[in-house]
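K.L.:
In full-length UniProt numbering, the protein residues as written are 1 to 71.
#1: Rounded to the nearest angstrom, what separates residue 59 and residue 39 at their Cα positions?
#2: Buried or exposed for residue 64, please, with buried defined as at least 16 other CB atoms from any protein chain shown within 10 angstroms of its CB.
#3: Assuming the contact rule is C-beta atoms closer than 8 Å, residue 15 and residue 62 should be a hit. Round their C-beta distance to whole Å, please.
#4: Report all residues from its chain with a CB closer than 7 Å to the CB of residue 11; omit the five preceding and five following residues, and keep chain order.
#5: Excluding the five sequence neighbours on either side, which residues of its own chain have a C-beta within less than 8 Å of the C-beta of residue 54, listed in chain order?
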């Protein structure tokens, strides 16, 4: 199956799409100045670490898939 001319979707594209969807869904609820989050610099730093963690989680899924399939 070809998608946008590729034989299969690229991993980075899949990872970025998943990250963007998760970012949009979570950022409304956990933005640095939302009522349910810590205010100020500490809240901003925690929010940034959360965003990096989401991206690393999806990267880890692909690394686990490669390890599991002995690639």
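Heads up, the beta-carbon is just placed ideally off N, CA and C, and yes, glycines get one too.
P.N.:
Considering the structure as presented:
#1: Taking the first residue of the chain shown as position 1, residue 59 is located at position 59. Taking the first residue of the chain shown as position 1, residue 39 is located at position 39. Distance between the alpha carbons of residue 59 and residue 39: 29 Å.
#2: Residue numbering aside, residue 64 sits at position 64 when the chain shown is read from its first letter. Classification for residue 64: exposed.
#3: Start at 1 with the first residue of the chain shown, and residue 15 comes out as number 15. Start at 1 with the first residue of the chain shown, and residue 62 comes out as number 62. Rounded to the nearest angstrom, the Cβ distance from residue 15 to residue 62 is 7 Å, consistent with a contact under 8 Å.
#4: What you label residue 11 is simply residue 11 of the chain shown in a count that begins at 1. Within the same chain, residue 11 has close Cβ partners 62.
#5: For the purposes of this step, residue 54 is taken as residue 54 along the chain shown, with counting starting at 1. Non-local beta-carbon contacts of residue 54 in its own chain, meaning distances under 8 Å to residues more than five positions away in sequence, involve 19, 22, 23 and 26 in chain order.
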